[in-house]
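A.B. asks: Going down the list, the sequences are from chains S and V. To convert, take the position in the first sequence, counting from 1, and add 16; that gives our numbering. To convert, take the position in the second sequence, counting from 1, and add 16; that gives our numbering. Dropping a structure here in C-alpha cells format, bear with me for questions.
Protein chains: 2
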Amino acid sequence: MEVRAFAPASIGNVGIGFDILGLCIERPGDEVSARFAAQAGVQVSGISGQNSENLPRDPQKNTAAVAVQALLEHLGRTDVGIDLHIYKKMPSGSGLGSSAASAVAAVVAANELLQAGLSKKDLLPFACAGEQIASGGFHADNTAPSLLGGIVLIRDNATLDVHRVHVPRGLQICVVHPKIEVLTKTARAILKPEVPMPQYVRQSANLAAFIIGLYNSDYPLIGRSLDDGIIEPQRAGLIPGFHAVKQAALKNGALGCSISGAGPSVFALFNDETIAADAGAAMQQAFADEGIDSEIILSGVNLDGAVLV
Amino acid sequence: MEVRAFAPASIGNVGIGFDILGLCIERPGDEVSARFAAQAGVQVSGISGQNSENLPRDPQKNTAAVAVQALLEHLGRTDVGIDLHIYKKMPSGSGLGSSAASAVAAVVAANELLQAGLSKKDLLPFACAGEQIASGGFHADNTAPSLLGGIVLIRDNATLDVHRVHVPRGLQICVVHPKIEVLTKTARAILKPEVPMPQYVRQSANLAAFIIGLYNSDYPLIGRSLDDGIIEPQRAGLIPGFHAVKQAALKNGALGCSISGAGPSVFALFNDETIAADAGAAMQQAFADEGIDSEIILSGVNLDGAVLV
Numbered sequence: 017m018e019v020r021a022f023a024p025a026s027i028g029n030v031g032i033g034f035d036i037l038g039l040c041i042e043r044p045g046d047e048v049s050a051r052f053a054a055q056a057g058v059q060v061s062g063i064s065g066q067n068s069e070n071l072p073r074d075p076q077k078n079t080a081a082v083a084v085q086a087l088l089e090h091l092g093r094t095d096v097g098i099d100l101h102i103y104k105k106m107p108s109g110s111g112l113g114s115s116a117a118s119a120v121a122a123v124v125a126a127n128e129l130l131q132a133g134l135s136k137k138d139l140l141p142f143a144c145a146g147e148q149i150a151s152g153g154f155h156a157d158n159t160a161p162s163l164l165g166g167i168v169l170i171r172d173n174a175t176l177d178v179h180r181v182h183v184p185r186g187l188q189i190c191v192v193h194p195k196i197e198v199l200t201k202t203a204r205a206i207l208k209p210e211v212p213m214p215q216y217v218r219q220s221a222n223l224a225a226f227i228i229g230l231y232n233s234d235y236p237l238i239g240r241s242l243d244d245g246i247i248e249p250q251r252a253g254l255i256p257g258f259h260a261v262k263q264a265a266l267k268n269g270a271l272g273c274s275i276s277g278a279g280p281s282v283f284a285l286f287n288d289e290t291i292a293a294d295a296g297a298a299m300q301q302a303f304a305d306e307g308i309d310s311e312i313i314l315s316g317v318n319l320d321g322a323v324l325v
Numbered sequence: 017m018e019v020r021a022f023a024p025a026s027i028g029n030v031g032i033g034f035d036i037l038g039l040c041i042e043r044p045g046d047e048v049s050a051r052f053a054a055q056a057g058v059q060v061s062g063i064s065g066q067n068s069e070n071l072p073r074d075p076q077k078n079t080a081a082v083a084v085q086a087l088l089e090h091l092g093r094t095d096v097g098i099d100l101h102i103y104k105k106m107p108s109g110s111g112l113g114s115s116a117a118s119a120v121a122a123v124v125a126a127n128e129l130l131q132a133g134l135s136k137k138d139l140l141p142f143a144c145a146g147e148q149i150a151s152g153g154f155h156a157d158n159t160a161p162s163l164l165g166g167i168v169l170i171r172d173n174a175t176l177d178v179h180r181v182h183v184p185r186g187l188q189i190c191v192v193h194p195k196i197e198v199l200t201k202t203a204r205a206i207l208k209p210e211v212p213m214p215q216y217v218r219q220s221a222n223l224a225a226f227i228i229g230l231y232n233s234d235y236p237l238i239g240r241s242l243d244d245g246i247i248e249p250q251r252a253g254l255i256p257g258f259h260a261v262k263q264a265a266l267k268n269g270a271l272g273c274s275i276s277g278a279g280p281s282v283f284a285l286f287n288d289e290t291i292a293a294d295a296g297a298a299m300q301q302a303f304a305d306e307g308i309d310s311e312i313i314l315s316g317v318n319l320d321g322a323v324l325v
C-alpha cells in the first residue's frame, strides 16, 4: 500500500507579519508518498523533481523523514518502518516554503498510512520538527498555511497557537520567482536586532489593519496595510531589481507587493485575476530588465492546504 | 439655544496596541454645552466639575475651544461666536482620555449648534486638533473611540485612517483608577527608543491575535493575546502596586489586564459582569494594600461613542 499527499507552497511573512503570518497558495507544491517498509524507522527511498540532487537522503537530515520520525515517536510506533519518496515540484530556496511543503506532505501521508487519525492541527508540531532541520528554527509560518490552508496567524510558535483568518472571496496572488539564490541564513543575518519605536508602531498598525481588511473584505485597506517598513527595506538589496518589480506590480493594479518569506520570490495581492496576470507579466519584465529570468505563479488563496492525492 | 453633548472616557493602547488602539467605555465622560455668542470666536464661559480649577479657560489653550475653533475654520464660519461650558465628569491625568472627551463633546455640540451636518468621522480631525493642545501630539487613540464608540484601530494618525473592530457581545471592562498622578510626559519619556526584534515579533502576533479574537468572539484568545511585553514592563514602575493589582485581576477571572493609556488607571477585560465586579474589588484591595485609594469603573464596551444630551 502506498499513500500519497500533496502540500502546497506558501508565502511566509506576507510582508507585514514577519515570522507570524503565512498564506497558502494553490500550486506549486510537493508530493510525498509513504509505504510500509520491512526495516523499522524512516527511510527516504527516492527524491525526484526540481533541485532533488541537492537534498539530503539521510533520514536525520531530510525534512520529510525527520517529520515522520517525530510523528512515529509521538505515536509510540518506532517499531514501524516507513519508506518515503519525495516528489519536489517546487524550487528550493525560493522563499515559498519548499522544505515546509515536503515536511507537511510527509506527515499527512504517514498519518493516513498509519491510520493514526490525527487532525491537521495535531500534525503541525511534527511538520514543524521536520522543517526545523532545514531552517534551523521551530517556525510555523510556512508549515501552518501549507498544512491548514488559508491565511494563518501564528500567535506563538512554542505552543503552536495558530489561527486561520477570514479570507475575502476573490483575493488573488501573483508570485514572481526570479532564478537567483538568496540564502535564508543571509536574509536573517542582515536584519538589525532592534526596531525603532515609530516603525514598530506603524508596522503593528498595518498588521492589525491588514487583518481587519481581510475580515471586512476591504481591499483598499488590505492594500494600504501591506506596507512593510521594517523587513523589506533591509532585504530589498538582496533581490536585484526588487524596487522596479514592486513598482511594476503597483502601477499595474496590485493592492500591495512585498517579499515572499526570505525571498527572492516577490508576491503581490490583487482583487482581480486578469489584473494579476497583467501585473505578473510587468513584474517579470522588470526582472528581465535586470537580466534575471523568472517564473510567474498566479493563484487564489488555497483554503484546503495539504490533501491526499 | 444651547446644545449639549456627552463624550465618554476611553482606554488608549489597550495594552498591546501602543498608540494605535482605543476602547470606548460607557462612563464616566465629559459634557460640553455650546451656544451662540455675540462676539466672534470661541470662548470658554465656564468649567465645572472634577479638577476644573486646573484647566485653562484661555481659548488658545483649552482643548474644547481649540477643537471648536478648528471646526469653525474648516467651515469658513470664523465670523460666528460660540460660547462653551465644560462639565468635567471624569478625572484629568487618569489615563482615560479626559482631554479627548472634552474635545470630542465640544465638536459634537458645536456641529449640532451650527447645523453643520458633519458626520462623526468628519469631526475627528477637529477633536484631534483640540486634544493635541493637551497631549502635544496629533493622536486619535482616545478621540476616535470617544467619538465613534467601540474598539478602534488607528492605522495612521496623519490621515486618520481609523477602523472600528468587531466587538464580541458581553465583553466587560473593569477600570481601577488609583488616586495618584502619572504625567503622560513622564510615561512617554521613559520609553526606550527601540524595540528588540523578538519583542516586536511577539507583540505584533499578540495584537493580530487580539483582533482575531475580537472578530471570532474567542475570549480565551483575547485573554492570551492581551500580553504587553514592550510598554507595560517599562511603565509598571510608575504605578505602585501594579503587579499586585494585575495579579489580583488575573487570579479573579480577568481575561487580561494592563495599563490604560499612559496610566495610572489599570484596566482588565472579562466575559462576565459579576466576575468583573469581584475582580474589581480585589484590584482595589491590592491598591489599598499599597496605601492607595482608588475608584472602580465597571462598564461594557460603549458602541455609541459621543451623543447629544
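The beta-carbon is built from N, C-alpha and C at its ideal position, and this holds for glycine as well.
#1: When you compare the segment 86 to 100 of chain V with the segment 307 to 314 of chain S, are there three or more beta-carbon pairs, one atom per stretch, that lie closer than 8 Å?
#2: Smallest Cα separation from Y231/S: which of S310/S, L187/S and G245/S?
#3: In terms of alpha-carbon separation, which member of A260/V, S61/V and P44/V lies closest to A298/V?
#4: Put V191/V into one of helix, strand or coil per three-state DSSP.
#5: Please list, in chain order, the chain V residues whose beta carbon lies closer than 8 Å to that of P209/S.
#6: If you pair each beta-carbon of the segment 59 to 76 of chain S with each one of the segment 96 to 109 of chain S, do three or more pairs fall below 8 Å?
#7: Does the structure place the segment 163 to 170 of chain S close enough to the segment 244 to 263 of chain S that three or more beta carbon pairs sit under 8 Å?
#8: Taking Cβ positions only, does L169/V come closer than 8 Å to chain B?
#9: Look at the alpha carbon of V124/V and the alpha carbon of C144/V, and state the distance between them as a whole number of angstroms.
#10: Taking DSSP as the reference, what is the three-state secondary structure of P107/V?
#11: Taking only beta-carbon atoms, is I227/S less than 8 Å away from chain V?
#12: Listed from N- to C-terminal order along the chain, which residues in the segment 220 to 253 of chain V have their beta-carbon within a distance smaller than 9 Å of any beta-carbon of chain S?
#13: Does F34/S come within less than 8 Å of chain V when only Cβ atoms are used?
#14: Please confirm if D177/V has its CB atom under 8 Å from at least one CB of chain S.
#15: Can you check whether the C-beta of V183/V is within less than 8 Å of a C-beta belonging to chain S?
#16: Give me whichever residues DSSP pairs with C273/S in a beta bridge.
#17: Within 8 Å (strictly less), CB to CB, does Y216/V reach chain S?
#18: Less than 8 Å between the C-beta atoms of A284/V and A270/V, yes or no?
#19: Rounded to a whole number of angstroms, what is the C-alpha to C-alpha distance between I246/S and A252/V?
#20: Would DSSP call Q55/S helix, strand or coil?
#21: Cβ atoms of L242/S and I32/S: under 8 Å apart, would you say?
#22: Tell me which same chain residues have a C-beta within less than 6 Å of the C-beta of L207/V, skipping the five on either side of it?
#23: Quick one: which chain V residues come within Cβ less than 9 Å of D172/S?
#24: In three-state terms, what does DSSP make of A221/V?
#25: Between the alpha carbons of A295/S and A278/S, how many angstroms are there, rounded?
#26: Could you check how far apart the C-beta atoms of V84/S and A122/S are, in whole angstroms? I think they sit under 8 Å.
#27: Residue range of the beta strand (DSSP E) that G316/S falls in?
#28: Please tell me whether L140/V and L163/V are closer than 8 Å, where the distance is taken between their beta carbons.
#29: Going by beta carbon distance, what residues of the same chain come within less than 6 Å of H155/S, once the five residues before and after it are set aside?
#30: Along the chain, which unbroken stretches of the beta strand (DSSP E) at least 3 residues long are found entirely within the segment 25 to 98 of chain V?
#31: Relative to the alpha-carbon of S276/S, which residue among I27/S, Q215/S and A203/S has its alpha-carbon at the smallest distance?
#32: What did DSSP end up calling I255/S once you bin it into helix, strand or coil?
#33: Out of curiosity, what's the CA-to-CA distance linking C273/V and T290/S?
#34: Is DSSP giving L324/V helix, strand or coil here?
C.D. replies: In brief:
#1: no
#2: L187/S
#3: A260/V
#4: strand
#5: P212 and M213
#6: yes
#7: no
#8: Included in the structure are the protein chains S and V, with no chain B among them.
#9: 13 Å
#10: coil
#11: yes
#12: S220, A221, N222, L223, A224, A225, F226, I227, I228, G229, Y231, N232, D234, L237, R240, S241 and I246
#13: yes
#14: yes
#15: no
#16: A284/S
#17: yes
#18: yes
#19: 28 Å
#20: coil
#21: yes
#22: Q250
#23: R218, A221, N222, A225 and R240
#24: helix
#25: 22 Å
#26: 5 Å
#27: S310 to G316
#28: yes
#29: N173
#30: 37 to 53 and 57 to 65
#31: I27/S
#32: coil
#33: 48 Å
#34: strand
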